[in-house]
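Peer 1: Keeping their order, the protein sequence lines are chains A, B, C and D. Quick note, my numbering runs 24 ahead of the 1-based positions in the first sequence. Quick note, my numbering runs 1032 ahead of the 1-based positions in the second sequence. Quick note, my numbering runs 73 ahead of the 1-based positions in the third sequence. Quick note, my numbering runs 449 ahead of the 1-based positions in the fourth sequence. The structure's right below; bear with me while I get my questions together.
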Amino acid sequence: MARSAPSAAARMRELLPRIVLSPTIALIAIFVYGFIFFTTYLSFSDSRMLPSFGWVGFDNYVKLFQLRTWDIAITNLAIFGTLYIGICCVLGLSLAILLDQKIRAEGFIRTVYLYPMALSFIVTGVAWKWFLDPGIGLESVVQGWGWESFEFNWIKDRDMAIYTIVIAAVWQTSGFVMATFLAGLRGIDSEILHAAEVDGASKFALYRRIVIPQLRPAFLSAFVVLAHMAIKSYDLVVALTNGGPGTATEVPATFMYSYTFTRNQMGVGAASAEIMLLTIAAVIVPYLWSELREPKR
Amino acid sequence: MKYKMMSRLMASAALVCAGASAQAADVEVLHWWTAGGEAAALNVLKEDLSTKGVGWEDMPVAGGGGEAAQTTLKARVASGNPPTAAQLLGMQVREWAQEGALGDLTQAAEAGGWADVVPGALKDFAMYDGKWVAVPVNIHRPNWLWINAAIFEENGLTPPTTWEEFNTVAQTLKDKGITPLAHGGQPWQDATVFDDVVLGIGGADFYRKAIIEADMDALGSDTMVQVFDQMRTLRGFVDDNFSGRDWNLATAMVLNGEAAMQLMGDWAKGEIIRADMVPGEDILCVAAPGTEGSYLFNTDFFAAFDVSDDNRDAQMELASAVMSPSFQEAFNLVKGSIPARTDVSPEKFDACGQKAMKDIVEAEGNGSLLGSLAHGHGQTSAVQRAIFDVVTEHFNSDMSSQDAVEELQIAVESAAM
Amino acid sequence: MTLRPARLFLYLILAVFCVYYLLPLYVMLVNSLKPLSEITSGGMMALPGDWTTAAWTNAWSQAQVGVEATGLKPYFMNSFLMVVPAVAIATLMGALNGYVLTKWSFKGATVLFGLILFGCFIPFQIVLIPMARALGFLGLAGTVPGLIFVHIIYGISFSTLYFRNYYAAFPTELVRAAEIDGAGFFTIFWRIMLPNSGPIAVVCVIWLFTNIWNDFLFGASFADYDSQPMTVALNNLVQSSTGVKEYNVHFAGAIMAALPTLLVYIVAGRFFVRGLMSGSVKG
Amino acid sequence: MGFLDIDNVTKSYGAVKVLNETEISVEKGEFLVLVGPSGCGKSTLLNMIAGLESVTSGELRINGRRINEARPADRNIAMVFQSYALYPNMTVRGNISFGMEMHGIPKPEREKKIAAVAELLQITQLLDRKPGQLSGGQRQRVAMGRALTRDPDVFLFDEPLSNLDAKLRVDMRTEIKKLHAKLGTTIVYVTHDQIEALTLSTRIAVMFGGDVQQLGTPQEIYDNPANMFVAGFMGSPAMNLVPARLRNIGGVMSAEVTLATGTAITLPFPKASHLTQDDGREIILGIRPEALTDPEGASRDSQAIHQVDIPVDVIEPAGSDTFVTVSLGGKDAIGRFRAHTSARSGQPFPFAFDMEKAVAFDPVTEARLA
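Given below as structure tokens:
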């Protein structure tokens, strides 16, 4: 049977969605992937103050992994990332469950929990620094109340300073995670909950066995947001400790910034950026995989 | 009003005579003097330029002692849209000049006779390849020791002139329950102290060899071990809360008697004056122990970037205005530093300023006018920060001096590569 | 009401966390209302002995930010001029992308979506130098459109993610019905999709507005002297290295700089959970 | 050539063929129902007619015009969706008027048409409400109203009643039938509900596995299902499919069925008279519940009533009828008795087999033999 050729208008209709999508694709291709490629090249180059294109092979990577600060940065990221994501999830979920108990002032409380997300650490950095400073902050205030032996000097303590970063980071994002979980909780069919209650499930069992397993999508999106924030966290560290005491709270983001822009060792900075990108990819790609496979029913 | 018109006319006439394009463009200045007195002092420059028909486009980016401004500068240069002038420290001037990003001010320099009035050590940074590429705005001296006079008087102490004396004085104070040294644990502050100790213990030649020339033997020498020993000793004279503290909070400790001394540059004077105290009287200023006769300097330059021809005249105007004695005097009176030209009268400066102006002449004479490592006049950014790493790490941990010296050598070697 | 003690305990826990979240804001607010002398004499948590709004007026219109003592006032406008178009365009493009990816999907669209999504995760520091070059190349260096352009690029991944997930749950039959009714690609988008995207638009706008308003790095690097955004000005006010630090003014300025985003959260916050519910949390 | 021609049409997604070569010709004013279980290809076919899915091969014609490439809007069709697909942001009026607006019909004319359609469907008082404020039945009417304004050549219905409760469904079914009678438009209607198919249609296409299993009037489909699938799918309770054996007893054909007791009964089977050569052949005997009754309830007109005593397994009174289950050929078979039957479970009872209504299938090909 002869199939008449589709008209120009029909072809246009066919192409239109792709045309609409193409500016985005072009922008992303250049300004995300192109730049990643550029950085990759820089990481193999002798760039110092500004990009330069002399090829030096893996020198920058070798140098990078010999640097103790990089070691510290990686270790800190592991500690920070684990605690930050873990605590945010647990706290966010707990708060969401508590808030889901038909609380009277829910709107107000939710806003209070959520607002830190609105503030950058350029804004709250000084307040946090003061609050954590034993001389003027929490320690001195509590001691002023009469609890003389109270100590809270983590920010001055090389071994503990990274945990103060966790405290502030959790402060900023746990409300957002709470909102994500709350949305997940509200999305659960209430009939299932009634059914479980009729079955005699205790409140605890109800959440553990029925509710939390259904929050998997919320967990996933919270995890992705948290993971990329953990790896990208820069403002926070700069505002609170600027990497100190010593280099105790250096993280890859501050390391990369400092080598690229302050120390004029752009090649090493680019190498560290590559490692960060690989880490991000290792976290994100499996997520994207699972996310995007599903729609192909 | 009439006068202003006249002067503007004359200025443009002068430009026409000079054969330059009469169109006076604006100058865009990237700097990190963003707040308080220093920013207001810069306004003097702006006003001055506006009388010459040159507009001022202000591009302040503060943070990390110019680190944020450096990032901005790189972005601006990379985008092919550099500012007319940018505030830079000495080493940064040299690094940008090496990248070929800077313009040429020689014409203005010759007209103004700058070569005769600017100290040689500064000229080394302001000139590259025989051309003037930047103009110095001020000379800071980081190697000051600030002393709370009342505390010393009460305890019958005299200002220490060597590190040994310092240790004795400090121990006495510590025994009496007074924090001897106010200090803020930030890398640049640690390095400021380190500078003083290297210079005080090793002397000017050692400082030049170890810091400025990054000589491996000097860096690995016993003298360097002694320097780190002294750093360890100093650690004992600092209160427990020092880490991360801003320098001005440390100064405040000296001002309100919580601590007796601080090793800090002359910008601390601003805090002293604001607390209604008199530098040189209530708060004594002496050279850091063992550095009397030497002068570490820290100069802010306005580097001229390679801009289009239209802007070049305005750029020259800016440079000339910066170098004018009246601006140098007015600005540095506010800033706490001393003028970058030697022919400004010390009359209006306070006791500490006058001492600095006297000391710098002496130091230049005996070859001990040296660039400060902590403030970007000792080493390239890479090496400088590598040394910061070791100094800070050592100061904040229980690393042995021997280990620190080894680390220092490795760090400098790897960063210099 | 038999569970009274448990209920009380519940409220107690929630209240404790309210304190945790409000503390930094409290510190900032209290200290912005004190004279500087009260701050330096200690007592970070104490209420002001001498209430004064001097620091606020100072930060708003008198404080030295750079050469001129303009306060933060002029920078507000700069930020708005940058944020509003960037948010509007990034949201619209995200909506269009989401619409195409879910309702006009074609072979390879999912892969493209995955590639777009990865843009959410790129650390901004690494794009600084190449972006500067690109802007210079495009003639957008140091301009407001240039800054808007940058924010759109790195906002679009998020807006596409939000709208794509939302539209995935949006009944396709509506699109089909509109097609049969004779509506074309764009008519369906304007008349059917967008009017029904309220919840997710709120989420997207909140997210983008906060991120772009709070951005410092791009603002400091790509703005010109006359377009520096609020965050850069605030930073200039707070971070001066060798100047005197007026903490009360800093805090007042900081709260001021945060007011628009705070307001967005307070006003639109209740739609936020609803918006999250309606799509972005679903897998 | 009919009014709507589905000419050798197929649909594939990549290698997967979801609709095999399909040939249906619909006459003007006909009410064609596509019925079948989910995944049978009926919705795909409908969407292809609507232009929402592309045609892989073959040709679609309306009124002789090829429409394969035409935009949905240009096919002069209207469609009512399962979920009604009302635009939630528009009022009822807006929903009804949207399509006309898109076709550039001027406002006064639109208003007039809306009024007329609203009148017809009795939704005038709902015109200014949003879909969210309507009940299921009201939404259904609005969705039909939206379709009606178009004066389409062909009306497409995609399971329009499946979201309604049982009572409303019956009411709306009647309404749709009335509407068809009144307007006389050509309708293609997709459902999985065989009762809807039987009650509404002038013709039915029973679909399964991407094929049209049988195309015919409701009567043909019901009485003479083309194969075991159609037999089992159409009618409720479903046709009893009983394993049996053909017997040629002196030139007269019979079906032999084994009871649970082991005894075989022989049922004279005049319809199989053309199968005299197949003595002993295994067949599946298809017999509808209303052809397996109590003797008093048996059809008076039938020439082939055969009565047998069989032990009753289960009795299920269902108001107007009573369903009686017995074991035939090792399978449960259901008979439809009158309401007040004296049959008792566990006891033998005389069953009347109406063999005029019985059919036979080949157990392997499942096609009808007789």
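C-beta: ideal position from N, C-alpha, C; glycine also.
Hey, quick one: how far does the alpha helix (DSSP H) through residue 151(C) stretch, first residue to last?
Peer 2: For the purposes of this step, residue 151(C) is taken as the residue at position 78 of the third sequence. Residue 151(C) -> alpha helix (DSSP H) spans 146 to 176.
Peer 1: Please state if the CB of residue 212(C) and the CB of residue 300(C) are separated by a distance shorter than 9 Å.
Peer 2: Start at 1 with the first residue of the third sequence, and residue 300(C) comes out as number 227. Start at 1 with the first residue of the third sequence, and residue 212(C) comes out as number 139. Taking 9 Å as the Cβ cut-off, residue 300(C) and residue 212(C) do not qualify as a contacting pair.
Peer 1: Between residue 602(D) and residue 679(D), what straight-line distance do the alpha-carbon atoms span, to the nearest angstrom?
Peer 2: Reading the fourth sequence from its first residue, position 153 is the one you call residue 602(D). Reading the fourth sequence from its first residue, position 230 is the one you call residue 679(D). Roughly 30 Å separates the two Cα atoms.
Peer 1: According to a CB-to-CB cut-off of less than 9 Å, which residues of the stretch 1107 to 1134 of chain B neighbour chain C?
Peer 2: Those would be 1107, 1108, 1109, 1110, 1111, 1112, 1113 and 1115, in chain order.
Peer 1: Report the rounded CA-to-CA distance for residue 1147(B) versus residue 49(A), giving the unit in angstroms.
Peer 2: Counting from 1 along the second sequence, the entry for residue 1147(B) is found at position 115. Counting from 1 along the first sequence, the entry for residue 49(A) is found at position 25. For residue 1147(B) and residue 49(A), the distance between alpha carbons rounds to 57 Å.
Peer 1: Determine contact between the stretch 213 to 232 of chain A and the stretch 170 to 188 of chain A, defined as no fewer than three beta-carbon pairs at a distance below 8 Å.
Peer 2: Contact fails: fewer than three Cβ-Cβ distances are below 8 Å.
Peer 1: Taking just the CA atoms, how far does residue 1342(B) sit from residue 1055(B)?
Peer 2: Along the second sequence, one-based indexing puts residue 1055(B) at 23. Along the second sequence, one-based indexing puts residue 1342(B) at 310. In this prediction, residue 1055(B) has a pLDDT of 45, which is less than 50 and means its spatial position is unreliable; what the coordinates show is noted afterwards. Roughly 8 Å separates the two Cα atoms.
Peer 1: Taking 9 Å as the CB-CB cut-off, is residue 285(A) touching chain G?
Peer 2: Reference to chain G is not applicable here, since the protein chains of this structure are A, B, C and D.
Peer 1: Look up residue 489(D) in the DSSP assignment and say whether it is helix, strand or coil.
Peer 2: One-based indexing of the fourth sequence puts residue 489(D) at position 40. Residue 489(D) falls in the coil class under three-state DSSP.
Peer 1: Using the three-state DSSP reduction, which class does residue 518(D) fall into: helix, strand or coil?
Peer 2: Locating residue 518(D) in the fourth sequence gives position 69, counting from the first residue. If DSSP states are grouped into helix, strand and coil, residue 518(D) belongs with coil.
Peer 1: 9 Å is my cut-off, CB to CB: does residue 1072(B) come that close to chain C?
Peer 2: For the purposes of this step, residue 1072(B) is taken as residue 40 along the second sequence, with counting starting at 1. True, the Cβ-Cβ gap to chain C drops below 9 Å.
Peer 1: Might you give, ordered along the chain, the residues of its own chain that have their beta carbon closer than 7 Å to the beta carbon of residue 512(D), omitting 5 neighbours on each side?
Peer 2: One-based indexing of the fourth sequence puts residue 512(D) at position 63. So the list reads 452 and 602, once near-sequence residues are dropped.
Peer 1: Applying a beta-carbon distance threshold of less than 7 Å, which residues of chain A neighbour residue 1424(B)?
Peer 2: The residue labelled residue 1424(B) in the question sits at position 392 within the second sequence. Chain A residues near residue 1424(B): 270 and 271.
Peer 1: So, is the C-beta of residue 111(C) closer than 9 Å to a C-beta in chain B?
Peer 2: Sequence index remark: in the third sequence, residue 111(C) carries index 38 (1-based). Judged by the 9 Å Cβ criterion, residue 111(C) is not in contact with chain B.
Peer 1: Which of the three DSSP states is assigned to residue 655(D) in this structure?
Peer 2: The residue given as residue 655(D) occupies position 206 in the fourth sequence. DSSP places residue 655(D) in strand when its eight states are reduced to three.
Peer 1: Can you give me, in chain order, the residues of the stretch 234 to 252 of chain C that have a beta carbon less than 8 Å from any beta carbon in chain D?
Peer 2: For the stretch 234 to 252 of chain C, which is checked against every Cβ of chain D, the residues closer than 8 Å are 244, 246, 247, 249, 250, 251 and 252.
Peer 1: Can you name, in chain order, every residue of its own chain whose Cβ lies under 7 Å from the Cβ of residue 66(A), other than the five neighbours on each side?
Peer 2: Here residue 66(A) refers to the residue found at position 42 of the first sequence. 75, 290, 291 and 294.
Peer 1: How would you call residue 1211(B), buried or exposed, if buried means at least 16 neighbouring beta carbons within 10 angstroms?
Peer 2: Within the second sequence, numbered from 1, the residue matching residue 1211(B) stands at position 179. Buried, because 16 or more other Cβ atoms sit within 10 Å of the Cβ of residue 1211(B).
Peer 1: Just the C-alpha distance for residue 342(C) and residue 151(C), rounded to the nearest angstrom, thanks.
Peer 2: Here the question's residue 342(C) lines up with position 269 in the third sequence. Here the question's residue 151(C) lines up with position 78 in the third sequence. Rounded to whole angstroms, residue 342(C) to residue 151(C) spans 25 Å at the Cα level.
Peer 1: Cβ closer than 8 Å: which chain A residues qualify as neighbours of residue 1412(B)?
Peer 2: Stepping through the second sequence from its first residue, residue 1412(B) is reached at position 380. Going along chain A in sequence order, the residues near residue 1412(B) (Cβ under 8 Å) are 288.
Peer 1: Does any CB atom of chain A fall closer than 9 Å to the CB of residue 1103(B)?
Peer 2: Within the second sequence, residue 1103(B) is the residue found at index 71, counting from 1. Cβ-Cβ to chain A under 9 Å: yes for residue 1103(B).
Peer 1: Measure the C-alpha to C-alpha separation of residue 335(C) and residue 135(C) and round it to an integer number of angstroms.
Peer 2: For the purposes of this step, residue 335(C) is identified with residue 262 of the third sequence, where counting begins at 1. For the purposes of this step, residue 135(C) is identified with residue 62 of the third sequence, where counting begins at 1. So the two alpha carbons sit approximately 23 Å from each other.
Peer 1: Taking the alpha helix (DSSP H) that residue 278(A) belongs to, which residues open and close that run?
Peer 2: Here residue 278(A) refers to the residue found at position 254 of the first sequence. Taken as a continuous stretch (DSSP letters only), the alpha helix (DSSP H) holding residue 278(A) covers 276 to 281.
Peer 1: For the stretch 1197 to 1220 of chain B, which residues have a CB atom closer than 7 Å to at least one CB atom of chain A, in sequence order?
Peer 2: Here the close residues are 1217 and 1218.
Peer 1: To be precise: take each residue of the stretch 130 to 146 of chain C, compare its Cβ to all Cβ atoms of chain B, and keep it if any distance is under 9 Å. Which residues remain?
Peer 2: Within the stretch 130 to 146 of chain C, the residues whose Cβ lies closer than 9 Å to some Cβ of chain B are 136, 137, 138, 139, 140, 141 and 142, listed in chain order.
Peer 1: Determine the closest residue to residue 708(D) out of 655(D), 478(D) and 782(D), with distance taken between C-alpha atoms.
Peer 2: Here residue 708(D) corresponds to residue number 259 of the fourth sequence, with the count starting at 1. Cα-wise, what sits closest to residue 708(D) is 782(D).
Peer 1: To the nearest angstrom, how far is the alpha carbon of residue 462(D) from that of residue 551(D)?
Peer 2: By 1-based counting over the fourth sequence, the position of residue 462(D) is 13. By 1-based counting over the fourth sequence, the position of residue 551(D) is 102. The alpha-carbon atoms of residue 462(D) and residue 551(D) are separated by roughly 31 Å.
Peer 1: Taking only beta-carbon positions, decide if residue 209(C) is within less than 9 Å of chain D.
Peer 2: Within the third sequence, residue 209(C) is the residue found at index 136, counting from 1. So, not an interface residue.
Peer 1: Do residue 600(D) and residue 510(D) have their beta-carbon atoms positioned less than 9 Å apart in this structure?
Peer 2: Counted from its first residue, the fourth sequence places residue 510(D) at position 61. Counted from its first residue, the fourth sequence places residue 600(D) at position 151. No. Outside cutoff.
Peer 1: Name the chain C residues that come within less than 7 Å of residue 119(A), Cβ to Cβ?
Peer 2: Taking the first residue of the first sequence as position 1, residue 119(A) is located at position 95. Chain C residues near residue 119(A): 90.
Peer 1: Kindly confirm or deny that the stretch 318 to 327 of chain C and the stretch 93 to 108 of chain C touch, where touching means at least three C-beta pairs closer than 8 Å.
Peer 2: Touching, per the Cβ criterion.
Peer 1: In the stretch 33 to 79 of chain A, which residue ranges form an unbroken alpha helix (DSSP H) of at least 4 residues, counting only runs that do not cross its ends?
Peer 2: Runs found: 59 to 67.
Peer 1: Could you name the residues of chain C that residue 532(D) contacts, counting a contact when the two beta carbons are closer than 8 Å?
Peer 2: Working through the fourth sequence from its first residue, we reach residue 532(D) at position 83. Near residue 532(D) (Cβ distances below 8 Å), the residues of chain C are 244 and 246.
Peer 1: Quick one, which of 73(A), 163(A) and 253(A) has its alpha-carbon nearest residue 171(A)'s?
Peer 2: Indexing the first sequence from 1 puts residue 171(A) at position 147. Selected option, being the one with the closest Cα: 163(A).
Peer 1: Please confirm whether residue 275(C) and residue 344(C) have their CB atoms less than 9 Å apart.
Peer 2: The residue you call residue 275(C) lines up with position 202 of the third sequence. The residue you call residue 344(C) lines up with position 271 of the third sequence. For residue 275(C) and residue 344(C), yes; Cβs fall inside 9 Å.
Peer 1: State the DSSP-derived secondary structure class of residue 143(A), mapped to helix, strand or coil.
Peer 2: Numbered from its first residue, the first sequence carries residue 143(A) at position 119. Three-state result, residue 143(A): coil.
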